[in-house]
Amino acid sequence: YGQIYPELKGLEEAGLLEGSEDSTGGRRRRRYAITDDGQAALQAWLREPPVTCELRDEGLLKLYFSSAVGPEDAIRTIREMRRHRVDVIKQLRALEPRAEAAGIYPTMVLRAGLGLHESLASWCDEMEDELSEQINKEDS
1 YGQIYPELKG LEEAGLLEGS EDSTGGRRRR RYAITDDGQA ALQAWLREPP
51 VTCELRDEGL LKLYFSSAVG PEDAIRTIRE MRRHRVDVIK QLRALEPRAE
101 AAGIYPTMVL RAGLGLHESL ASWCDEMEDE LSEQINKEDS
């Protein structure tokens with residue numbers, strides 16, 4: 001939220017978008033439409049190869065440093081990570097009809113999200129099993 005509106009304002013100032021007031025029900029809103037220059041810039045950007053791929057996951061960061069708290073806490077972190085992934089999968093599944101109605105490209109992106117989160121949920125299961133085995137060996 002804190003990044004979208006400043007970005008929209010910058011795109012409007014650059015002449016890539018046109019904004020107009022569209023207040024409804026007492027709420028102040030602004031509707032944006034892409035300009036011809038904006039359409040040309042969008043097409044140019046779409047033709048460039050992708051250069052970034054970021055994955056930020058606080059759970060992975062906490063897991064990395066879990067030696068400071070121990071394997072039981074690490075298992076709790078992994079379980080919470082899995083729970084979150086399952087929640088996201090449910091949300092994405094609910095979007096499937098809208099993505100399919102929007103066409104092949106939104107559907108492809110949705111499938112990437114589903115695949116990523118399903119894979120990470122499965123990974124969480126594997127890591128929990130691995131840590132549980134390690135704890136059992138140490139207790140024996």
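Just so we're aligned: 82 in our numbering is position 82 of the sequence shown, and the numbers increase by one with no gaps anywhere. C-beta atoms are modelled at their ideal positions from N, C-alpha and C, and glycine is treated no differently.
Distance from residue 17 to residue 32 at the Cβ level is roughly 5 Å; contact confirmed, criterion being Cβ atoms closer than 8 Å.
A residue is called buried when at least 16 other Cβ atoms come within 10 angstroms of its Cβ; residue 74 meets this threshold and is buried. With fewer than three CB-CB distances shorter than 8 Å, the region 80-100 does not count as touching the region 20-35.
Here DSSP, grouped into helix, strand and coil, assigns residue 96 to helix.
Per DSSP, reduced to three states, the secondary structure at residue 63 is helical. The Cβ atoms of residue 107 and residue 99 sit closer than 8 Å to each other. For residue 122, the three-state secondary structure derived from DSSP is helix.
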